[in-house]
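Q: When we follow the numbering used here, the leftmost residue of the sequence shown carries the number 3, and every step to the right adds one.
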Amino acid sequence: MRIVLLAAALAAAACGPASEAGDIPEYTYRVIHTYPHDNHAFTQGLLYLNGFLYEGTGQNAESSIRKVELATGKVLQQHDIPEAYFGEGIVNWKDRLIEITWTTQVGFIYDLATFQLKSQFQYPGQGWGLTQDGKRIVMSDGTPQIRFWDPETLAELGRINVTAAGVPVQDLNELEWVKGEIYANIWQTDRIARIDPNNGRVVGWIDCSGLLNPHDRVGGEGAVLNGIAYDASTDRLFVTGKLWPKLFEIRLVKKSAR
């Protein structure tokens, strides 16, 4: 597993209420619907496209990309990754599905319809999460930095430093583009950061604590919140976790100020 990056930034920004984090707005959630999820899926990447979920799972010798039926959690299509690679984030671009890996600095490009491998590419550093804003691919690497890539060439276009009240935020993991913001799971927490892509500032914290009943968290210490998908056509937000037996459609509720 990953080495925990110890940082005062995460302790201050991800754990404290808004009043302790520069008055950054805090949100909780209301569960709209609960769906089944494969509790053997070590969820690393998640996206919603054309009525289906696409999921990338991790762990060496267990990593895969999947097309999943939302209502039932049934895996409709699956491609297993060679055991040398630890699968991480995925993102769609046109007729392709792009996947990164954790420490091997190798990414894969698949045909979106068939999951047939088309090519692979390299990048420096670790790979954690992917999403896209319609013009660029957005990538996290576990540090406070977020990278932007050209979606056609995968060349890096630039980076932003993510901060909460001026403090760098570590462990940015799975990503999703939601209404002009980057949503990022903070690894090993029940928190999601809402990030302004223009300057990297956290403009909101989503507290998902209590979402999964402790009795359902059967995957041990690795069964943490990770996986955000957004259906822009119907304004539906989905979240799940590694080895979680459930996936949740939630609606954000702003916490009342103290």
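Each residue gets a CB set at the ideal place from its N, CA and C atoms; glycine is no exception.
#1: Using alpha carbons as the reference points, say which of 216, 150, 67 lies closest to residue 82.
#2: Quick one: is residue 195 buried, meaning 16 or more other Cβ sit within 10 Å of its Cβ, or exposed?
#3: How many Å lie between residue 130 and residue 108 at the Cα?
#4: Go ahead and label residue 181 buried or exposed: buried means 16 or more other beta carbons lie within 10 angstroms of its beta carbon, across all protein chains shown.
#5: Which of helix, strand or coil does DSSP assign to residue 39?
#6: Buried or exposed for residue 39, please, with buried defined as at least 16 other CB atoms from any protein chain shown within 10 angstroms of its CB.
#7: Classify residue 170 as helix, strand or coil using the three-state DSSP reduction.
#8: Around the C-beta of residue 132, are 16 or more other C-beta atoms found within 10 angstroms, so that it is buried, or is it exposed?
#9: Rounded to whole angstroms, what's the CA-CA distance from residue 75 to residue 212? Just pull it up for me.
#10: Rank 192, 235, 222 by C-alpha distance to the C-alpha of residue 228 and give the top, closest one.
#11: Please classify residue 176: does DSSP put it in a helix, a strand, or coil?
#12: Given that a residue counts as buried once 16 or more other Cβ atoms are within 10 Å of its Cβ, and exposed if not, what is residue 148?
#13: Can you tell me whether residue 94 is buried or exposed, with buried defined as 16 or more other CB within 10 angstroms of its CB?
#14: Would you identify the three-state DSSP class for residue 23, choosing helix, strand or coil?
#15: Less than 8 Å between C-beta atoms, sequence neighbours within five positions excluded: which residues of the same chain meet that for residue 144?
#16: Pull up the DSSP beta-bridge partners for residue 183, would you.
#17: How about residue 231: is its C-beta nearer than 7 Å to some C-beta of chain B?
#18: Could you tell me the boundaries of the beta strand (DSSP E) in which residue 228 lies?
#19: Do residue 165 and residue 202 have their C-beta atoms within less than 7 Å of each other?
#20: Quick one: residues in its chain with C-beta nearer than 7 Å to the C-beta of residue 73, no 5 flanking neighbours on either side, listed in chain order?
#21: In or out: residue 244 buried (at least 16 other Cβ within 10 Å) or exposed?
#22: Looking at the secondary structure, which residues open and close the beta strand (DSSP E) in which residue 45 lies?
#23: Leaving aside the five residues before and after residue 162 along the sequence, list all residues of the same chain whose C-beta is less than 6 Å from its C-beta, in chain order.
A: In this structure, then:
#1: Of all alpha-carbon atoms in 216, 150, 67, the one lying nearest the alpha-carbon of residue 82 is that of 67.
#2: It is buried - the Cβ of residue 195 has at least 16 other Cβ atoms within 10 Å.
#3: 12 Å
#4: exposed
#5: coil
#6: buried
#7: strand
#8: buried
#9: 21 Å
#10: From the listed residues 192, 235, 222, the smallest Cα separation to residue 228 is found for 192.
#11: strand
#12: When all chains shown are included, residue 148 counts as buried.
#13: buried
#14: The predicted position of residue 23 is uncertain, since its pLDDT is 48 and thus under 50; no value can be drawn from it.
#15: 4, 7, 128, 130, 172, 173, 174, 175, 189
#16: 180
#17: Going by chain labels, chain B is absent from the structure shown, which holds only one protein chain.
#18: Run containing residue 228: 227-233, per the beta strand (DSSP E) assignment.
#19: yes
#20: Within its own chain, the residues whose Cβ lies closer than 7 Å to the Cβ of residue 73, once the five positions on either side in sequence are excluded, are 37, listed in chain order.
#21: By the 10 Å Cβ count, residue 244 comes out buried.
#22: In the DSSP annotation of this structure, the continuous segment of the beta strand (DSSP E) that includes residue 45 starts and ends at 45-51.
#23: Answer for residue 162: 148, 202, listed in chain order.
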